[in-house]
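Each position in the sequence shown, counted from 1, maps to that position plus 25 in our numbering. Where is the CB? At the ideal position from N, CA and C, for every residue including glycine. Here's the structure, in structure tokens; my notes come after.
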Amino acid sequence: MSKIVSIEISHHRLALDPAFKASWDGRPRKHFEATIVRVRDDEGREGIGSGDLMKGFEGHEELFIGHDPRHLERHYEVLSHINFHYGRCWPMDLALWDLAGKITGEPVWRMLGGRADKVRLYASSGVLREPAAMADQAERYIEEGFPAMKVRFSSSAGGRGSWKADVKALEAIRARVGDRLELMVDCNQGWRMPWDTTLSWTFKDALTVARELERLGIYWMEEPLHRSDREGMRRLSDATSIRIAGGEMTREVYEFRDIIEQRAFDVIQPDVALVGGITGCRRLAFQAREAGVMFTPHSWTNGIGVLANAHLTAGCGDAPFLEYPYDNPEWSEARRDYPMIEPLKHKDGWLELGETPGLGIVLDEERLKATRH
Numbered sequence: 026m027s028k029i030v031s032i033e034i035s036h037h038r039l040a041l042d043p044a045f046k047a048s049w050d051g052r053p054r055k056h057f058e059a060t061i062v063r064v065r066d067d068e069g070r071e072g073i074g075s076g077d078l079m080k081g082f083e084g085h086e087e088l089f090i091g092h093d094p095r096h097l098e099r100h101y102e103v104l105s106h107i108n109f110h111y112g113r114c115w116p117m118d119l120a121l122w123d124l125a126g127k128i129t130g131e132p133v134w135r136m137l138g139g140r141a142d143k144v145r146l147y148a149s150s151g152v153l154r155e156p157a158a159m160a161d162q163a164e165r166y167i168e169e170g171f172p173a174m175k176v177r178f179s180s181s182a183g184g185r186g187s188w189k190a191d192v193k194a195l196e197a198i199r200a201r202v203g204d205r206l207e208l209m210v211d212c213n214q215g216w217r218m219p220w221d222t223t224l225s226w227t228f229k230d231a232l233t234v235a236r237e238l239e240r241l242g243i244y245w246m247e248e249p250l251h252r253s254d255r256e257g258m259r260r261l262s263d264a265t266s267i268r269i270a271g272g273e274m275t276r277e278v279y280e281f282r283d284i285i286e287q288r289a290f291d292v293i294q295p296d297v298a299l300v301g302g303i304t305g306c307r308r309l310a311f312q313a314r315e316a317g318v319m320f321t322p323h324s325w326t327n328g329i330g331v332l333a334n335a336h337l338t339a340g341c342g343d344a345p346f347l348e349y350p351y352d353n354p355e356w357s358e359a360r361r362d363y364p365m366i367e368p369l370k371h372k373d374g375w376l377e378l379g380e381t382p383g384l385g386i387v388l389d390e391e392r393l394k395a396t397r398h
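As structure tokens, then:
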């Protein structure tokens, strides 16, 4: 029987020059940080995870050491209690799945049900470009084979200035590419950066924007109201033909259960690196399917997080698209995936997961050594 013998957590920082000005932040990001979790067993195998900062995990290692890493449900319960008392430590769950796959010799997507060995991607942009530049980017996505693109709206007054200006950018894309791309919109109203005290839209604001998005044939409208306003989300879903999406920063799996039961969203977007891990989000994939709610994870962390969400989606989900953070030149695959020896590469808008046991992660040890802090 395999036993866990050590857990190592390291923190890394990549300098970004030029800086990345994310639409949801407004403050140019000059560094990209990554936390790497390594779980080793007594036969020398190593499972890898990444995502949140693992705050609160220190001191709890003994709750896992000596246990079989394949006892994933047991470990999930322990992590859920740590999550309750401290922080989000779900990268540990990803590392355990990776290690369990290496022990069994199977890729995680097959361990989760084996529905598919690849996922269709949507290109998730992050920069607030001028309308013509947004249209240029949309054309590049089409050339690369992506079937869909997500456009960010300003999170506050520090962006384009108003949602009307955001709609102008969306109109420019639609005028250029027609119906060759499905378009999603992230309204960036569900949460804020700690420094940003701008109020979220009201229900009437969101409904007004939804009418504009209906006119433009938008596939979904993401985070259009504050995260606490589930009733407003449900009302908005009833009032518009556009799918209402959200939940990327929701902290608890049981909150998603309530969201599904209330039909507060048409599309739920948990991220295995931020809530529940693969073990918890697997539950949500099945609950959502039974309720007729779309399940397609958020995946804006790094390539390790993208892979983990992809394995879950391929293995037991049936999402039409998975988020692929990708907005050259500010947010390239090389920047996003710097902890890995090779950045992920899509093939005509698909991410193929292959037969490598576990999650298929190979770390760039030299880069990690150079970026450790």
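C-beta contact flag for residue i and residue j at 7 Å
| i | j | result |
| --- | --- | --- |
| Gly328 | Leu369 | yes |
| Ile198 | Ala163 | yes |
| Tyr244 | Glu196 | no |
| Leu299 | Ala264 | no |
| Arg268 | Asp291 | yes |
| His323 | Gln287 | no |
| Gly151 | Ala120 | no |
| Tyr363 | Leu39 | yes |
| Trp134 | Ala339 | yes |
| Ser179 | Asp191 | yes |
| Glu68 | Ile32 | no |
| Gly130 | Gly330 | no |
| Ile285 | Ala310 | no |
| Glu256 | Gly271 | no |
| Arg95 | Ala125 | yes |
| Asp93 | Met26 | yes |
| Gly138 | Cys341 | yes |
| Asp123 | Leu104 | no |
DSSP three-state assignment for residue i, whether helix, strand or coil
| i | result |
| --- | --- |
| Pro132 | strand |
| Val300 | coil |
| Met274 | coil |
| Pro345 | coil |
| Leu153 | coil |
| Ile167 | helix |
| Ala173 | strand |
| Arg397 | strand |
| Glu377 | strand |
| Trp356 | strand |
| Gly72 | strand |
| Met218 | coil |
| Leu224 | coil |
| Lys370 | coil |
| Leu337 | helix |
| Leu261 | helix |
| Thr233 | helix |
| Ile90 | coil |
| Ser105 | helix |
| Gly328 | helix |
| Trp122 | helix |
Sheet register partners of residue i (DSSP bridge)
| i | result |
| --- | --- |
| Gly383 | Pro132 |
| Asp66 | Ile29 |
| Arg288 | DSSP, once it has assigned bridges, lists no residue as partnering Arg288. |
| Trp245 | Met209, Arg268 |
| Ala47 | DSSP output for Ala47 lists no bridge partner at all. |
| Ile34 | Val62 |
| Ala40 | His56 |
| Met79 | According to DSSP, Met79 bridges with nothing at all. |
| Ala148 | Met174, Tyr349 |
| Ile293 | Gly271, Phe320 |
| Lys143 | Glu377 |
| Leu388 | Met365 |
When the options are compared against residue i, the one with the closest alpha-carbon
| i | options | result |
| --- | --- | --- |
| Trp325 | Ile34, Trp220, Glu358, Glu86 | Glu358 |
| Arg54 | Ile61, Val62, Thr60, Phe45 | Phe45 |
| Asp296 | Ile167, Gln312, Thr275 | Thr275 |
| Trp115 | Ala125, Asp161, Thr60, Ser266 | Thr60 |
| Ile167 | Gly385, Leu378, Gly342, Asp373 | Asp373 |
| Leu97 | Met136, Gly342, Arg260 | Met136 |
| Tyr349 | Ile29, Thr321, Pro219 | Thr321 |
| Asp204 | His37, Ala235, Pro172 | Pro172 |
| Ile366 | Leu347, Pro354, Glu391 | Glu391 |
| Val30 | Phe57, Asp50, Glu71, Arg236 | Glu71 |
| Ser253 | Leu261, Tyr279, Trp216, Leu238 | Trp216 |
| Glu239 | Ser262, Pro345, Ile107, Arg52 | Ser262 |
| Ala221 | Met319, Leu41, Gly51, His398 | Note that residue 221 is Asp in the sequence shown here, rather than Ala. Answer by Cα proximity: Gly51. |
| Ser149 | Phe82, Phe346, Gly91, Arg65 | Phe346 |
| Ile34 | Ala47, Tyr101, Lys80 | Lys80 |
For residue j and residue i, believed in contact at Cβ under 8 Å, the rounded distance
| i | j | result |
| --- | --- | --- |
| Leu153 | Arg185 | 6 Å |
| Leu78 | Gly112 | 7 Å |
| Val176 | Ala194 | 7 Å |
| Leu384 | His336 | 6 Å |
| Pro132 | Glu380 | 6 Å |
| Trp49 | Met218 | 7 Å |
| Glu355 | Lys143 | Their Cβ separation, rounded to whole angstroms, is 27 Å, which puts Glu355 and Lys143 out of contact at 8 Å. |
beta-carbon residue i near the ligand SAH non-hydrogen atom, thresh 6 Å
| i | result |
| --- | --- |
| Arg201 | This structure lacks the ligand SAH, and indeed carries no ligand of any kind. |
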